[in-house]
Each structure stands twice: as C-alpha cells, then as structure tokens.
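Visitor:
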Amino acid sequence: MSSPINTTLFRYMMGLTQKVFAEIPEEQTRTQPTPAINPPIWVIGHLCMAWDGALALLGGTKLCPQEYTQWFGPGSNLADMPKELPSKKEMLAQLSQISEMILTALNEVSPQRLEKPNPSRFFNKELPTVRDFVENLLFSHHALHLGQLSIWCKLMNLPKVINF
1 MSSPINTTLF RYMMGLTQKV FAEIPEEQTR TQPTPAINPP IWVIGHLCMA WDGALALLGG
61 TKLCPQEYTQ WFGPGSNLAD MPKELPSKKE MLAQLSQISE MILTALNEVS PQRLEKPNPS
121 RFFNKELPTV RDFVENLLFS HHALHLGQLS IWCKLMNLPK VINF
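Counting along the sequence shown from 1, when you hit position 74 you're at 74 in UniProt numbering, and nothing is skipped either side.
So, in structure tokens, the structure goes:
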C-alpha cells in the first residue's frame, strides 16, 4: 500500500532538521538569546513530542517520556526543564526513531483512521480530521519551529543552514 501522506517531503523535513541541529554546539543548546526565542534543546524536545503525537494518531506507540509534555509542551519554557536532559545527539536519535516509526505507520494506516475527527484540542476546527492534523504536525508545525531555530542561529552568529 502506498502512503497517504507525502513521505518524500517528510524525509526532507527530517534531513533538514538534522542539518540545522548539526551546526549547533551541544554547549549552546540551552542558550536563549532573547526570551521570545526558544533554545534549541526546547525545540528538539518539542519536535520529538509533536511527531510522537502524530505517531500515536496514526496508531503507533509513543516513545517520548511522559515528562516531555511538561518540559517541551505548548506554553513550557526553559525554566520548566530539569538541569539534566538527554543530549542533542540522543534527542535527534529519538526523533529519527520516531520518524522511522511514522514512515512504517503511514504505510499501514487505514483511510478510515485518517478521516476520523481530529481528537486534539489544537486546531480541531481548522484541521478537522486526523489526516489534517498529522500533516500539520509533520510539515507546517515542524517548519515553523525550524524557522525559529534558523532565527536562533542567526542571533548566535552561527552559519546559515536553511537556504531559502
């Protein structure tokens, strides 16, 4: 069965994520140059949590620890995170594992599951089906946070990694 969602674009998003994070030194992942910009450690944790949610909507089993909601969920911030967190490398490996599981789930998910109502409290009017919300998590939401990370890199005088 072919995937009901664009897996080429999904793989591109994962590659772009790895490219952006590769340029960020581990020791700077908690740096917040301005309160309006989340630090990289928050962004990668948030992206793990979001794709984990997409995986669950597709019928898979979540991988992220329960604490990720508190540390990286909507409305959380640097102060919510404990001093000890997985490294950038570990979190990227986790995101990669989640992405592989999503690719498997996309090939197994039924059209009926994708057309169910969006069960999330987020955007359930604007994105009424599971398919709509999953596509948002995999693409729009993800790109928004990569854009924020690109701004963070610029504020930190790191090389430009997204060439749009």
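Here a beta-carbon is modelled for each residue, glycine too, at the ideal position from N, C-alpha and C. Just so it is clear, the structure is predicted and the values come from calculations on it, not from any experiment.
Report the rounded CA-to-CA distance for Thr31 versus Phe133, giving the unit in angstroms.
Guide: In a straight line, the C-alpha of Thr31 is about 31 Å away from that of Phe133.
Visitor: Going by CA-CA distance only, name the one from Leu149, Phe21, Gln148 and Ser140 that's closest to Ser96.
Guide: Of Leu149, Phe21, Gln148 and Ser140, the residue nearest in Cα terms is Phe21.
Visitor: Quick one: measure Cβ to Cβ for Leu155 and Ile37, integer angstroms, because I've assumed they're closer than 8 Å.
Guide: Leu155 to Ile37, Cβ: 7 Å. Contact.
Visitor: Closer than 8 Å by C-beta to Lys62: which residues in its own chain qualify, once you throw out the five before and the five after it? Chain order, please.
Guide: So the qualifying residues of the chain are Asp52, Gly53, Leu55 and Ala56.
Visitor: Per the contact definition of three or more C-beta pairs closer than 8 Å, is the region 62-72 in contact with the region 106-113?
Guide: These segments do not touch.
Visitor: Taking the CB atoms as reference points, tell me whether Thr17 and Leu138 lie closer together than 9 Å.
Guide: Result no, Cβ atoms of Thr17 and Leu138 do not sit closer than 9 Å.
Visitor: Find out if the Cβ-Cβ distance for the pair Met91, Ile151 is shorter than 9 Å.
Guide: Contact: no.
Visitor: Can you look up Pro39 in the DSSP assignment and give me helix, strand or coil?
Guide: Here Pro39 sits in coil by DSSP.
Visitor: Would you kindly report the start and end of the unbroken alpha helix (DSSP H) that includes Ser96?
Guide: Counting along the chain, the alpha helix (DSSP H) containing Ser96 begins and ends at Lys88 to Glu108.
Visitor: When you compare each of Glu26, Met14, Tyr12 and Pro159 to Glu84 by their alpha carbons, which one comes out closest?
Guide: Checked all of Glu26, Met14, Tyr12 and Pro159; the closest Cα to Glu84 is Glu26.
Visitor: Can you tell me whether Arg121 is buried or exposed? The criterion is at least 16 other CB atoms within 10 Å of its CB, across all chains shown.
Guide: Answer is exposed; the Cβ neighbour count stays below 16.
Visitor: Could you tell me the boundaries of the alpha helix (DSSP H) in which Leu16 lies?
Guide: Thr7 to Ala22 is the extent of the alpha helix (DSSP H) around Leu16.
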